[in-house]
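S.K.:
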Amino acid sequence: MAQQAELQTETLSCSICLDLLKEPVTVPCGHSYCRTCISSFWDGEKEKNNYSCPQCRKKFTERPDLVKNIMLAELSFKMSILCLMWACNGRVTGLILTWSSLWDVEQVPQH
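Rendered as structure tokens:
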């Protein structure tokens, strides 16, 4: 059950900064990153004029336009609220989150 929460946090994390996605954008290969993270990564590749995805290494002939991923932005925002709620409640040791509704939260009893 705790694995569900870990998996969802991992799924909503940027593979560059390893934090929850902030202003998530999706690149042409389908991977998503924080806008500032992928922009900084590609700024480092600007001199070579060789842009690629940091995750799958797919190369792009031109620097791709970044488009906000609205669904990931909403999910990441809701996850950050849930993580904050979890951190503020000392009696809860874990959260079980479901994809059907990110607001469905069960308290995991302490052992």
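For the sequence shown, the UniProt record's numbering gives the first residue as 1, with consecutive numbering after it. Each residue gets a CB set at the ideal place from its N, CA and C atoms; glycine is no exception. Just so it is clear, the structure is predicted and the values come from calculations on it, not from any experiment.
1) Quick test of your reading: C29 and C53, contact by CB under 8 angstroms. State the CB separation rounded to the nearest angstrom.
2) With distances taken between CB atoms, is the gap from L75 to V25 smaller than 7 angstroms?
3) Can you find the residues in the same chain that come closer than 8 angstroms, C-beta to C-beta, to P64, ignoring five residues on each side of it along the sequence?
4) Can you tell me the Cα-Cα spacing of I38 and I16, whole angstroms?
5) What number of angstroms, rounded off, separates the C-alpha of residue 119 from the C-alpha of M71?
6) How would you write the range of the beta strand (DSSP E) that T26 sits in, first residue to last?
7) Let me know if L12 comes out buried or exposed under the rule of 16 or more other beta-carbons within 10 Å of its beta-carbon.
8) First and last residue of the alpha helix (DSSP H) that includes S39?
9) Within its chain, find whatever has a CB closer than 6 angstroms to the CB of S32; leave out the 5 residues flanking it on each side and keep chain order.
M.R.: Quick answer:
1) About 5 angstroms; that satisfies the 8 angstroms criterion.
2) No, the Cβ-Cβ distance between L75 and V25 is not below 7 angstroms.
3) Apart from sequence neighbours up to five positions away, the residues of its chain that approach P64 with a beta-carbon distance below 8 angstroms are V27, P28 and Y51, ordered along the chain.
4) So the two alpha carbons sit approximately 8 angstroms from each other.
5) Past the edges of the chain, shown from 1 to 111, lies residue 119, and the structure says nothing about it.
6) Run containing T26: P24 to T26, per the beta strand (DSSP E) assignment.
7) Burial call: buried.
8) Start and end: R35 to E45.
9) For S32, same chain residues with a beta-carbon under 6 angstroms away, outside a window of 5 residues either side, are P24, T26, N69 and L72 in chain order.
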